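J.: Chains as they are written, first to last, in the numbering used here: chain G, 13 to 150; chain C, 13 to 150.
Glycine included, C-beta positions come from ideal geometry on N, C-alpha and C.
None of the values given here were measured: they were computed from a predicted structure.
Number of protein chains: 2
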Amino acid sequence: MSDLVTRLRRHNWRITPQRRVIAETLEGSHVHFTADEILERACERMPELSRATVYNTLNEMVALGEVLELNLEGRSKRYDPNADHEHHHLICEGCGQMKDVHTVGDPLDWLPGDERHGFAVTRASVTYRGLCPDCRES
Amino acid sequence: MSDLVTRLRRHNWRITPQRRVIAETLEGSHVHFTADEILERACERMPELSRATVYNTLNEMVALGEVLELNLEGRSKRYDPNADHEHHHLICEGCGQMKDVHTVGDPLDWLPGDERHGFAVTRASVTYRGLCPDCRES
DNA sequence: TCCTAGCTTAGACTCTGTCTAAACAAAGAT
DNA sequence: ATCTTTGTTTAGACAGAGTCTAAGCTAGGA
Chain G
13 MSDLVTRLRR
23 HNWRITPQRR
33 VIAETLEGSH
43 VHFTADEILE
53 RACERMPELS
63 RATVYNTLNE
73 MVALGEVLEL
83 NLEGRSKRYD
93 PNADHEHHHL
103 ICEGCGQMKD
113 VHTVGDPLDW
123 LPGDERHGFA
133 VTRASVTYRG
143 LCPDCRES
Chain C
13 MSDLVTRLRR
23 HNWRITPQRR
33 VIAETLEGSH
43 VHFTADEILE
53 RACERMPELS
63 RATVYNTLNE
73 MVALGEVLEL
83 NLEGRSKRYD
93 PNADHEHHHL
103 ICEGCGQMKD
113 VHTVGDPLDW
123 LPGDERHGFA
133 VTRASVTYRG
143 LCPDCRES
């Protein structure tokens with residue numbers, strides 16, 4: 013069973029067939045999909061699934077804190093099911109692929125107090141960019 | 013005179029009245045505007061300015077490397093005229109305002125070699141999130 | 001069984017951003 | 001001064017991503 017579904021159930025969130033298919037599609041890949049890519053893949057298992065349900069479900073999972081919404085390249089958001097593990101992203105500027113990475117230490121420690129402008133800073137995310145091995149060659 | 017205009021002129025880029033108004037609007041504020049916010053403000057000085065020109069001009073300034081395009085919260089991109097200074101961003105999760113901040117040290121140093129997956133990593137950007145002083149109170 | 005609350009659906013709609021074709025402007029050639 | 005060429009601006013049509021709405025559906029409780 014999908015680990016994401018387990019985490020969602022803990023919030024007393026009703027797991028309908030639609031929501032299960034969406035959660036499993038999201039978790040089943042190590043790539044971070046857009047909403048439309050999730051719709052497309054989920055429709056292979058449940059053809060009558062609607063676009064609105066995919067958007068509703070993704071937004072609710074984000075609101076529950078179990079899925080991360082990524083607003084990186086291009087016009088569409090991508091969704092990352094590993095909201096519970098502290099991690100960051102590495103993007104290839106050639107082909108657009110994205111990998112999860114981990115930093116040494118906590119980026120919050122790298123923002124000195126006089127740079128915080130009185131904010132209560134709670135989160136930090138780092139995006140690295142470069143060229144993947146394939147794109148370096150060509 | 014606007015510093016951004018000076019930098020743009022160095023690229024042998026024609027500074028038309030429209031482009032000047034857009035550049036000065038962009039640079040005149042410490043907030044990072046969306047394209048439509050820039051259009052709205054620039055139209056106060058040049059009412060016949062068209063939306064297409066604002067988008068064209070912003071995209072060209074980004075291509076010249078003199079303006080940064082930020083894809084953070086919400087549906088629209090924001091534009092940052094300080095492309096030449098290494099800096100990162102702090103966003104208020106309450107009201108959405110955004111400030112420029114500086115880290116101690118270089119974020120590229122926080123990504124160990126075995127986390128690079130063979131990429132040639134060239135850039136890193138850090139986004140901090142939290143609540144600004146006003147939003148903390150309410 | 002009936003009610004209620006919540007979930008799903010199709011499709012209309014909104015918002016950002018891009019594209020196109022035509023009008024316009026500036027600089028150099030004649 | 002006029003013409004030509006090249007690049008710029010414009011309005012409006014278009015496209016993609018995401019939201020909203022109203023109606024129908026489903027599951028669980030009285």
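Could one say the Cβ of E41 (chain G) lies closer than 8 Å to chain C's Cβ atoms, at least one of them?
T.: Before going further, note that residue 41 (chain G) is Ser rather than Glu in the sequence given. Chain C, which has no Cβ nearer than 8 Å to the Cβ of S41 (chain G), makes this no.
J.: Going residue by residue through the stretch 26 to 75 of chain C, where are the continuous alpha helix (DSSP H) segments of at least 4 residues, counting only ones entirely within it?
T.: List check, alpha helix (DSSP H) in window: 29 to 40, 47 to 57, 63 to 75.
J.: Which residues, in chain order, does the stretch 50 to 84 of chain G contribute to contact with chain C at a C-beta distance below 8 Å?
T.: Result list: N83, L84.
J.: Determine, for F131 (chain C), whether the minimum Cβ-Cβ distance to residues of chain G falls below 8 Å.
T.: So yes, F131 (chain C) belongs to the interface.
J.: In terms of alpha-carbon separation, which member of G:E98, G:L102, G:E78 lies closest to L120 (chain G)?
T.: With distances taken between Cα atoms, L120 (chain G) lies closest to G:E98.
J.: Under the three-state reduction of DSSP, which class applies to D118 (chain C): helix, strand or coil?
T.: Note: D118 (chain C) maps to coil in three-state DSSP.
J.: Within its chain, find whatever has a CB closer than 8 Å to the CB of V138 (chain G); leave out the 5 residues flanking it on each side and keep chain order.
T.: Once the five neighbours on either side are set aside, the close Cβ partners of V138 (chain G) are H100, H101, T115, P119.
J.: Report the neighbours of H114 (chain G) on chain C: residues whose CB is nearer than 7 Å to its CB, in chain order.
T.: Within chain C, the residues near H114 (chain G) are E127.
J.: Quick check: what's the CA-CA separation for T28 (chain C) versus I34 (chain C)?
T.: Going from the Cα of T28 (chain C) to the Cα of I34 (chain C) covers about 10 Å.
J.: Over what stretch of residues does the alpha helix (DSSP H) that includes R22 (chain C) continue unbroken?
T.: Note, R22 (chain C): premise wrong, no alpha helix (DSSP H); not H, not E.
J.: Taking 8 Å as the threshold (beta carbon to beta carbon), is L137 (chain G) in contact with chain C?
T.: According to the sequence shown, residue 137 (chain G) is Ser rather than Leu. Chain C contact via Cβ: present.
J.: Once DSSP output is grouped into helix, strand and coil, what is the label at R87 (chain G)?
T.: R87 (chain G): coil per DSSP, three-state reduction.
J.: Here's the rule: buried if 16 or more other CB atoms are within 10 angstroms of the residue's CB, otherwise exposed. What is R135 (chain G)?
T.: R135 (chain G) should be labelled exposed.
J.: Just tell me which of C:H44, C:V43, C:C55 has its CA closest to the CA of R31 (chain C).
T.: With distances taken between Cα atoms, R31 (chain C) lies closest to C:C55.
J.: Going by the beta-carbon positions, is the gap between L123 (chain G) and V113 (chain C) smaller than 8 Å?
T.: Going by C-beta atoms, L123 (chain G) is nearer than 8 Å to V113 (chain C).
J.: Note down the Cα distance separating D126 (chain C) from S41 (chain G), rounded to an integer number of angstroms.
T.: Near 22 Å, if we compare the C-alpha coordinates of S41 (chain G) and D126 (chain C).
J.: So R90 (chain G) contacts chain C; which residues on that side make the cut at Cβ distance below 8 Å?
T.: Correct list: empty, because the minimum Cβ distance to chain C is about 11 Å.
J.: Classify R128 (chain G) as helix, strand or coil using the three-state DSSP reduction.
T.: If DSSP states are grouped into helix, strand and coil, R128 (chain G) belongs with coil.
J.: Which chain G residues are close to W122 (chain C), counting only those with a beta carbon under 8 Å from its beta carbon?
T.: The contacting residues are T115, V116, G117, P119, W122, V138.
J.: Which value, in whole angstroms, describes the spacing of the CA atoms of R90 (chain C) and H129 (chain G)?
T.: Looking at the two C-alpha atoms, the distance is approximately 21 Å.
J.: Looking at the strands, I want to know which residues DSSP matches up with L16 (chain G).
T.: None; L16 (chain G) has no bridge partner.
J.: With a threshold of 8 Å between beta-carbons, can R148 (chain G) be considered close to chain C, or not?
T.: Chain C, which has a Cβ nearer than 8 Å to the Cβ of R148 (chain G), makes this yes.
J.: Going by DSSP, name the residue or residues bridged to V138 (chain G).
T.: Beta-bridge pairing links V138 (chain G) to C:V138.
J.: Any C-beta of chain C sitting closer than 8 Å to the C-beta of G142 (chain G)?
T.: Yes, because at least one Cβ of chain C sits closer than 8 Å to the Cβ of G142 (chain G).
J.: How far does the alpha helix (DSSP H) with C3 (chain G) in it reach, from first residue to last?
T.: An answer regarding residue 3 (chain G) cannot be provided, because it is not within the stretch 13 to 150 covered by chain G.
J.: What in chain G is Cβ-close to T134 (chain C), meaning under 9 Å?
T.: Within 9 Å Cβ-Cβ: E105, Y140, R141, G142, L143.
J.: Does the CB of L16 (chain G) have a neighbour CB from chain C at under 8 Å?
T.: No, L16 (chain G) lies away from the interface with chain C (no Cβ there is under 8 Å from its Cβ).
J.: What span of residues does the alpha helix (DSSP H) with E149 (chain C) cover, start to end?
T.: E149 (chain C) -> alpha helix (DSSP H) spans 145 to 149.
J.: In angstroms, rounded to a whole number, what distance separates the CA positions of D15 (chain C) and G77 (chain C)?
T.: Whole-angstrom Cα-Cα distance: 14 Å.
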